[in-house]
């Protein structure tokens, strides 16, 4: 039984990996898809970000991975500041439910 399940898994994996070529239209291989950001109507940091994406996906990935924690920390500190000034105390551990 284990042999049959292993053979079936191998067949399914082979079909999934080769389906790309089997479903390609025409006789030859399919042309690769080029994905770009439309930066024609953008300006400032949005244009820079779109151009960075178009020029190098590696630099775009590195900039995104660095920017997300920094922006998250800034938004978190800003939210903490605002909640502190409107009277919400997040430092105490008292629960309202009893």
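Numbering (the working numbering), first residue to last: 1304 to 1401. The beta carbon of each residue, even a glycine, is placed where N, CA and C say it ideally should be. Computed from a predicted model, the values in this text were never measured in an experiment.
| Item | Value |
| --- | --- |
| Where residue 1304 sits in the DSSP three-state scheme | coil |
| Touching by the beta-carbon criterion (3+ pairs, under 8 Å), the segment 1336-1345 and the segment 1356-1365 | yes |
| Closer than 6 Å: residue 1317 CB and nearest the ligand COA heavy atom | As far as ligands go, the structure on display features none, and thus does not contain the ligand COA. |
| Euclidean distance between Cα positions of residue 1381 and residue 1364 | 26 Å |
| Residues of its chain near residue 1366, where Cβ-Cβ distance is below 7 Å and the 5 sequence neighbours each way are ignored | 1355 |
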